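Scroll down for the structure; my scribbles are underneath it.
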Amino acid sequence: MDPTLTQTEPCSPAPAILVAEDDTDVRTVISKILSYGGYRVIEAENGEEAVAKFIQHKDAVRLVVMDVIMPKKNGDDAYLQMRRQAPDVRVLFVTGYPDHVISGHAVPGDRINLMKKPFTTDELLQQVGKMLPGEGREDDCVCRKNYRGAQDVKSDHDSGRFGQCAADGGLYAEAERI
1 MDPTLTQTEP
11 CSPAPAILVA
21 EDDTDVRTVI
31 SKILSYGGYR
41 VIEAENGEEA
51 VAKFIQHKDA
61 VRLVVMDVIM
71 PKKNGDDAYL
81 QMRRQAPDVR
91 VLFVTGYPDH
101 VISGHAVPGD
111 RINLMKKPFT
121 TDELLQQVGK
131 MLPGEGREDD
141 CVCRKNYRGA
151 QDVKSDHDSG
161 RFGQCAADGG
171 LYAEAERI
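The numbering used here numbers the first residue of the sequence shown as 1 and each following residue consecutively.
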């Protein structure tokens, strides 16, 4: 057993993150990274499903990681509905679309941030950590145990980045099976 993984106290409950992304490959990679980073993940494949799952789990969800442009309901509309249910909801919008396509969508602020695809595992985990102050998983047993796994979520692209929108030529690569 790895001595750095020894834990004398029970693990704290993992914060839940709702991942709403219409691209199955990108959603899977984001979910795996967050899971290995020590978070509980709830997935939705479009904005409508994201709102339904948020309402169902609103007491547990600490952050929503959501694509800006999705079928059935875009990220802005989904966010506004979630905010009516929980005014303090935090959202990390992710997009691969160029700025001119997403202009006019939700403006980053205190509880909203925007992350451009493609991004790395570390960039995602750092951004999530910033959006969940005081709930970081870096000292938690689950995170220490699984951080290596998150680092192993790779793409076939040399940069280690993933998640490019279809308008820009598709994904850099699919995640390898862990």
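Ideal placement from N, C-alpha and C gives every residue a C-beta, glycine not left out. Model, not experiment: these values are computed from the prediction.
Start and end of the beta strand (DSSP E) containing F54?
Sequence index remark: in the sequence shown, residue 54 carries index 54 (1-based). Unbroken run through F54 is the alpha helix (DSSP H), G47 to H57; no beta strand (DSSP E).
Apart from the five residues just before and just after Y39, which ones in its own chain have a Cβ nearer than 8 Å to its Cβ?
Your numbering for residue 39 matches position 39 in the sequence shown. These residues qualify, in order along the chain: A14, P15, A16, I17, V128 and R137.
Under the assumption that L63 contacts M131 (Cβ atoms under 8 Å), give the Cβ distance between them as a whole number of angstroms.
As a first step, residue 63 is located in the sequence shown; it is residue number 63 there, counting from the start. As a first step, residue 131 is located in the sequence shown; it is residue number 131 there, counting from the start. With a Cβ gap of about 6 Å, L63 and M131 count as contacting.
Determine the closest residue to L92 out of L125, D25 and D23, with distance taken between C-alpha atoms.
Translated into positions along the sequence shown, residue 92 becomes position 92. Comparing Cα positions, the closest option is L125.
Take R90 and list the residues in its own chain whose beta-carbon comes closer than 6 Å to its own, dropping the five residues that flank it on each side.
To locate residue 90, count along the sequence shown from 1; it is residue 90. Counting only Cβ-Cβ distances below 6 Å, and skipping sequence neighbours, we find L63, R111 and M131.
Can you tell me whether DSSP reads A20 as helix, strand or coil?
For the purposes of this step, residue 20 is taken as the residue at position 20 of the sequence shown. In this structure, A20 counts as strand in the three-state DSSP scheme.
What is the residue span of the beta strand (DSSP E) that D76 lies within?
Taking the sequence shown and counting its residues from 1, one reaches residue 76 at position 76. First-last for D76: G75 to Q85, but that is the alpha helix (DSSP H), not the beta strand (DSSP E).
With burial defined as no fewer than 16 other Cβ atoms inside 10 Å of the residue's Cβ, what is the status of D23: buried or exposed?
Within the sequence shown, the letter at position 23 stands for residue 23. Buried is the call here.
Using only the alpha-carbon positions, how far apart do Q85 and E45 sit?
For this step, residue 85 is matched to residue 85 along the sequence shown. For this step, residue 45 is matched to residue 45 along the sequence shown. In a straight line, the C-alpha of Q85 is about 20 Å away from that of E45.
Does DSSP put M131 in a helix, a strand or coil?
Here residue 131 corresponds to residue number 131 of the sequence shown, with the count starting at 1. Correct three-state label for M131: helix.
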